[in-house]
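Visitor: Chains as they are written, first to last, in UniProt numbering: chain R, 1 to 257; chain Y, 1 to 319; chain U, 1 to 294. Think of the CB as a built atom: it goes at the ideal place given N, C-alpha and C, for glycine as much as any other residue. In this text the structure is predicted, and so the values were computed from the model without any measurement.
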Amino acid sequence: MVLKINNITKNFGGISALTDVSFSIKEGEIYGLIGPNGAGKTTMFNMITNMFPPTSGEITFLDEKITGFKPHKITNKGICRTFQNIRLFSQMTVLENVLVGGHTRSKSGVFSGVLRTKGQRAEEERLRVTAKEILELVGLSEFEDAIAENLAYGQQRRLEIARALASDPKLLLLDEPAAGMNDTETADLYHLIKKVQERGITTLLIEHDMPLVMRLCDRITVLNFGKKLAEGTPEEIQNNQAVIEAYLGSEGDDESA
Amino acid sequence: MLGDFLNPYYLQVASFIMINIILGLSIYVTLSSGQLSLGNAGFMGIGAYTSALLTINYDMPIVVSVIAGAIVAGLVGILIGIPSLRLTGVYLAIATLGFGEVIRVFMINWESLTKGAVGLSGIPQIGRELLKVSRDAGFNPLDIGLKNNQYVYLLVLIILVIINILLIWFLVRQNKSRVGRAFAAIKMDEKAAEAMGVNITYYKVLSFVQGAVISGFAGALFAHVMGYISPADFSYHRAVEILIFAVFGGSEVIWGSIFGATFMTLMPEVLRFISEYRYMIYGAILILMMAFRPQGIIDVPLLQKLQLSKRRGKHGSKN
Amino acid sequence: MLLEQLINGITLGSIYAIVALGFTLVFGVLGIINMAHGEIFMFGAFVGVMVTSTLGWPIWMAFLAAIIVTAILGYMLERFALRPLRGKKGVSHLAPLISTIGVSILLENLSHHLFGAGNHPFKNAFAEIHFTIGSITIYVVQIVIFVISVVLMMALSYWLSKTRAGKALRATAENLDTASILGVNTRQIITLTVVMASAMGGIAGILVGMAFNSVNPQMGLSMGLKGLAIIILGGMGNVKGAMAGGLILGLAETLIVAYGDSGYRDAIAFLAIIVILLIRPQGLFGQKTSEGRP
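1. Where does the unbroken beta strand (DSSP E) through Gly47(Y) begin, and where does it stop?
2. In whole angstroms, what separates the C-alpha of Met92(R) from that of His191(R)?
3. For Asp143(Y), does the count of other Cβ atoms within 10 angstroms reach 16, so buried, or fall short, so exposed?
4. Any contact between the segment 161–168 of chain R and the segment 101–113 of chain R? By contact I mean 3 or more CB pairs, one from each, below 8 Å.
5. Looking only at DSSP bridge pairs, what is Tyr228(Y) linked to?
6. What does Asn76(R) touch in chain Y if you count any residue whose Cβ is under 8 Å from its own?
7. If you reduce the DSSP assignment to three classes, tell me which class His130(U) lands in.
8. Looking only at its chain, what residues have a beta carbon closer than 7 Å to the beta carbon of Ala36(U), apart from the 5 residues adjacent to it on each side?
9. Just by C-beta distance, which residues in the segment 97–108 of chain R are closer than 9 Å to chain Y?
10. Closer than 7 Å, Cβ to any Cβ of chain R: which residues of the segment 154–183 of chain Y, in chain order?
11. Any C-beta of chain Y sitting closer than 8 Å to the C-beta of Gly119(R)?
12. Consult DSSP for Glu64(R) and reduce its assignment to one of helix, strand or coil.
13. Can you find the residues in the same chain that come closer than 7 Å, C-beta to C-beta, to Met51(R), ignoring five residues on each side of it along the sequence?
14. If contacts are defined as beta-carbon pairs under 8 Å, then Met42(U) and Gly220(U) qualify, I think. What distance do you get, rounded to the angstrom?
15. Is the beta carbon of Arg52(U) sitting closer than 8 Å to the one on Gln142(U)?
16. May I ask which residues mark the beginning and end of the alpha helix (DSSP H) holding Tyr282(Y)?
17. Comparing alpha-carbon positions, which option in Met289(Y), Asn109(Y), Leu166(Y), Gln12(Y) lies nearest Phe248(Y)?
18. Rounded C-beta distance between Val26(U) and Asn34(U)? I'm assuming under 8 Å.
19. Do Gly250(U) and Tyr16(U) have their CB atoms nearer than 8 Å?
20. Would you say Val2(R) and Leu171(R) are within 8 Å of each other, going by their C-beta atoms?
21. Pick out whichever of Lys73(R), Leu223(R), Ser108(R) has its Cα sitting closest to the Cα of Gly35(R).
22. Leaving out five residues on either side along the sequence, give the residues of the same chain with a beta carbon under 8 Å from the beta carbon of Ile108(Y).
23. Measure the Cβ-Cβ separation of Leu85(Y) and Leu38(Y) and say whether it is below 8 Å.
24. From the beta carbon of Asn109(Y), is the nearest beta carbon of chain U less than 8 Å away?
25. At what residue ranges does the segment 185–228 of chain R contain a whole run of the beta strand (DSSP E), taking only runs of 3 or more?
26. Determine the direct distance from the alpha carbon of Ile281(Y) to that of Ile158(Y), and round the result to whole angstroms.
27. According to DSSP, is Asn6(R) part of a helix, a strand, or is it coil?
28. Where does the unbroken alpha helix (DSSP H) through Ala165(U) begin, and where does it stop?
29. Using a Cβ cut-off of 8 Å (strictly closer), state whether Met18(Y) contacts chain R.
30. Under 8 Å between C-beta atoms, does Pro71(R) make it to chain Y?
31. Scan the segment 29–109 of chain U and note each continuous alpha helix (DSSP H) run of 4 residues or more that stays entirely inside, going in chain order.
32. Please name the residue or residues paired with Val21(R) in a DSSP beta bridge.
33. Quick check on the burial criterion: 16 or more other C-beta atoms within 10 angstroms. Buried or exposed for Glu29(R)?
34. Name the chain U residues whose beta carbon is nearer than 7 Å to that of Tyr236(Y)?
35. Taking only the alpha-carbon atoms, compute the straight-line gap between His93(U) and Gly38(U) and give it to the nearest angstrom.
36. Applying a beta-carbon distance threshold of less than 9 Å, which residues of chain B neighbour Ser84(Y)?
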């Protein structure tokens, strides 16, 4: 198992955002985390990356307990995320954004950086080569010198994925990567995530675009009001009565659209 | 003759510009990771007093004492930085402002060491020491047509210019390195930087301590250029003045602080009648800048425009 | 005399509390540290000097004049240094801080030009009237200061909790957007807050004049910094915290002057900040949030 979520509960003040949620992800899987708005999906990402600590429960990554680690250390271990509300370094260039993604995979400090030692130059070169290769993968090569905030919306989403990939993760957390994308962009995204899978990277995906989720994911967990409602393959989920009711009940409009 | 061109007064003003640029850079480097430190006047004071006392009491060579001043300021910076950087934004600004006041109160009250509000005088001056060294080596400034004071001020200026060039080189290179990218990432989006694996506490403390070291260094130089320091030199007004360098010149880019420090040092010298109203004008500048150009005079788009027109100019001359 | 020192400490502390309340109101509503508050306070004190010493009018006129002048200053501060920054895209959260530092420098040096540097005597008809109980000497002016401070704090608490405008102010402090959706004229409330906070600064200025019989242009800075220390001590935006923090600082300073080294009096406030930030960063009365400070 790459990631094991064991009985995670999170309370904010008196409100319970997650209640006793457990699931685990196998290596190389594309795992879906779906549910109506406010079901606790992004909170789960915040638990995994420890942006907030869980109230109870624990998370293990590659058989190591990571609950309580600082977020940067978790990234260093090999988990990297994207954000639902895009959080790029907006005034940096596209390439620079990806280079920051490579932060944990490099180590030069103040003096080697200023003196440009041999090791530092080699490291920068390696970071650049990797970054360009990743930009190629996500299809942003031609924009490498553009300022991030000037990119189109769909491109910004892809840049977030590129930046996360630059940290060389074993587990990639994608928070609604298809939000705001048109059909062509979504199709590109499908291929991108598949290519990421071919590289041996495990993906945990939050997404509202159901056709995309059903085509992409190997297994899915459905959350509703912070509780696990169902888990299974896309077929099992699509035929699950409780899931259908939860979606029809709260997001019927969304589904028909 | 060279001597006819070198007005000691201009040389001295130029030296002050150089010291102020270093101070401007000290606040810039901390701002480059998105934090406002108003304690740089305090660190400047620590550097100045440390270096001055080491030379006065222990006859330490100026080169060593200046470095010691910067290091002591940096050590205090680590002590203050680690707890303070749990705070963000305005809290940090106030805590550091308070720190500066505490330092000033100590300078005034620790009379046995600091001579209190009167300050320290008779601090060995860089220029005089160098003149002595030259004389001992059998060199007389008059040989190259310079009066003693011209020679002294010129040497000081040259040393300060070299220091500035080195410092700017250091910061420009750092900006383009992994460390600089981490600073910028924290400044633009702290959470995202953390999610990308940047140890934000470490880099925040690093940029804060760099600011402390640089201002301590500037303070030590100040002591040995002036030959006289008192707690009033490192008060709240100094903190605000340093802030103005960055805010007016432009806090986003390194050239902003340099321009700001130069302009703000020259302004009261050139416009003599202004110097009486200097701080009132400073105040007005801060208000107006925040309302109309919060990023300062020099920003990235302006630099790009300048570069473009330079390139165009080159093309024009070719054609 | 410990008891006498305690009385001195409470007198000083109640003035500090009034100054800190001005900071806390503005921070609570706008989330801004008003660095010019100390200078507005100092202007209030100078208005007091002019009214009582130059014109020879009674002290209540000084209060009235100081309130009017500082309220106008507060309005101008809001109008020219804060409002232009509000709602503008891409303005750093540090911008209002820097802008109010600008106002503070401007006002401090303006006062140099208007009133002249150095100490100005603050005349007060009942400055010397005192009585003794046993071995303790109490000045009437101390009682007056204490009573005025307490009345002011009670009036503010009542106003905040019971009146319509006070409730609107608290709603705005809670959440500006929500308040504006609920029909609160937030712009008016913001202006009112800054004006009111400034007028309280003006009153504190007169109280300080009465307490120390002397006023100078630098006192704005030192009082401003202490006010900041108090609100960090008591918890940012917390009204009770400002009052308690003011009293604690007043007592601590008086006691160190009486029993320790008076030179370090001005450092206490900041040493307190550093200690409090280490032990309880949300302040004595602040509430801990899971996300740390905003």
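Guide: So, to answer that:
1. Within the second sequence, numbered from 1, the residue matching residue 47(Y) stands at position 47. No beta strand (DSSP E) holds Gly47(Y); the alpha helix (DSSP H) holding it covers 40–58.
2. In the first sequence, residue 92(R) corresponds to position 92, counting from 1. In the first sequence, residue 191(R) corresponds to position 191, counting from 1. When rounded, the distance between both Cα atoms is 27 Å.
3. As a first step, residue 143(Y) must be located in the second sequence, where it is residue number 143. Asp143(Y) is exposed by the Cβ-count criterion.
4. yes
5. Residue mapping note: residue 228(Y) aligns to position 228 of the second sequence, counting from 1. Per DSSP, Ser121(Y).
6. Taking the first residue of the first sequence as position 1, residue 76(R) is located at position 76. The answer, in chain order, is Gly197.
7. Counting from one through the third sequence, the residue named residue 130(U) turns up at place 130. His130(U) falls in the strand class under three-state DSSP.
8. The residue you call residue 36(U) lines up with position 36 of the third sequence. Cβ neighbours of Ala36(U) beyond the five flanking positions: Leu77, Thr100, Val103, Ser104, Leu107.
9. Asn97, Leu99, Val100, Gly101, Gly102, His103, Thr104, Arg105, Ser106, Lys107, Ser108
10. Phe170, Arg173, Gln174, Ser177, Arg178, Val179, Arg181, Ala182
11. Mapped onto the first sequence, residue 119(R) falls at position 119. For Gly119(R), the answer is no, since every Cβ of chain Y falls outside 8 Å of its Cβ.
12. The sequence position of residue 64(R) within the first sequence is 64, counting from 1. Glu64(R): strand per DSSP, three-state reduction.
13. Against the first sequence, residue 51(R) aligns to sequence position 51. Cβ within range, chain order: Pro71.
14. Here the question's residue 42(U) lines up with position 42 in the third sequence. Here the question's residue 220(U) lines up with position 220 in the third sequence. Met42(U) to Gly220(U), Cβ: 3 Å. Contact.
15. Residue mapping note: residue 52(U) aligns to position 52 of the third sequence, counting from 1. Residue mapping note: residue 142(U) aligns to position 142 of the third sequence, counting from 1. It is Thr, not Arg, that sits at residue 52(U) in the sequence shown. No, Cβ-Cβ distance for Thr52(U) and Gln142(U) is not below 8 Å.
16. Start at 1 with the first residue of the second sequence, and residue 282(Y) comes out as number 282. Counting along the chain, the alpha helix (DSSP H) containing Tyr282(Y) begins and ends at 278–292.
17. Along the second sequence, one-based indexing puts residue 248(Y) at 248. For Phe248(Y), the nearest C-alpha among the options comes from Met289(Y).
18. As a first step, residue 26(U) must be located in the third sequence, where it is residue number 26. As a first step, residue 34(U) must be located in the third sequence, where it is residue number 34. Confirmed, about 5 Å.
19. Numbered from 1 along the third sequence, position 250 holds the residue referred to as residue 250(U). Numbered from 1 along the third sequence, position 16 holds the residue referred to as residue 16(U). In this structure, Tyr16(U) lies closer than 8 Å to Gly250(U) by Cβ.
20. In the first sequence, residue 2(R) corresponds to position 2, counting from 1. In the first sequence, residue 171(R) corresponds to position 171, counting from 1. Cβ atoms of Val2(R) and Leu171(R): closer than 8 Å.
21. Counted from its first residue, the first sequence places residue 35(R) at position 35. Minimum Cα distance to Gly35(R) is reached at Leu223(R).
22. Your numbering for residue 108(Y) matches position 108 in the second sequence. Contacts found: Thr114, Gly116, Ala117, Pro231.
23. Reading the second sequence from its first residue, position 85 is the one you call residue 85(Y). Reading the second sequence from its first residue, position 38 is the one you call residue 38(Y). Not a contact, by the Cβ cut-off of 8 Å.
24. In the second sequence, the residue the question calls residue 109(Y) occupies position 109. Chain U, which has a Cβ nearer than 8 Å to the Cβ of Asn109(Y), makes this yes.
25. 202–206, 219–224
26. Working through the second sequence from its first residue, we reach residue 158(Y) at position 158. Working through the second sequence from its first residue, we reach residue 281(Y) at position 281. If you take the alpha carbons of Ile158(Y) and Ile281(Y), they lie about 31 Å apart.
27. Here residue 6(R) is taken as the residue at index 6 of the first sequence, counted from 1. Note: Asn6(R) maps to strand in three-state DSSP.
28. As a first step, residue 165(U) must be located in the third sequence, where it is residue number 165. That run of the alpha helix (DSSP H) goes 164–174.
29. For the purposes of this step, residue 18(Y) is identified with residue 18 of the second sequence, where counting begins at 1. No, its Cβ sits nowhere closer than 8 Å to a Cβ of chain R.
30. As a first step, residue 71(R) is located in the first sequence; it is residue number 71 there, counting from the start. Closer than 8 Å: yes.
31. 37–49, 59–76
32. Position 21 of the first sequence, counting from 1, holds the residue named residue 21(R). In DSSP, Val21(R) forms a bridge with Ile8(R).
33. As a first step, residue 29(R) must be located in the first sequence, where it is residue number 29. When all chains shown are included, Glu29(R) counts as buried.
34. Counted from its first residue, the second sequence places residue 236(Y) at position 236. Those are Leu221, listed as they occur along chain U.
35. As a working mapping, residue 93(U) is identified with position 93 in the third sequence. As a working mapping, residue 38(U) is identified with position 38 in the third sequence. Rounded to whole angstroms, His93(U) to Gly38(U) spans 21 Å at the Cα level.
36. Absent here is chain B; the protein component of the structure consists of chains R, Y and U.
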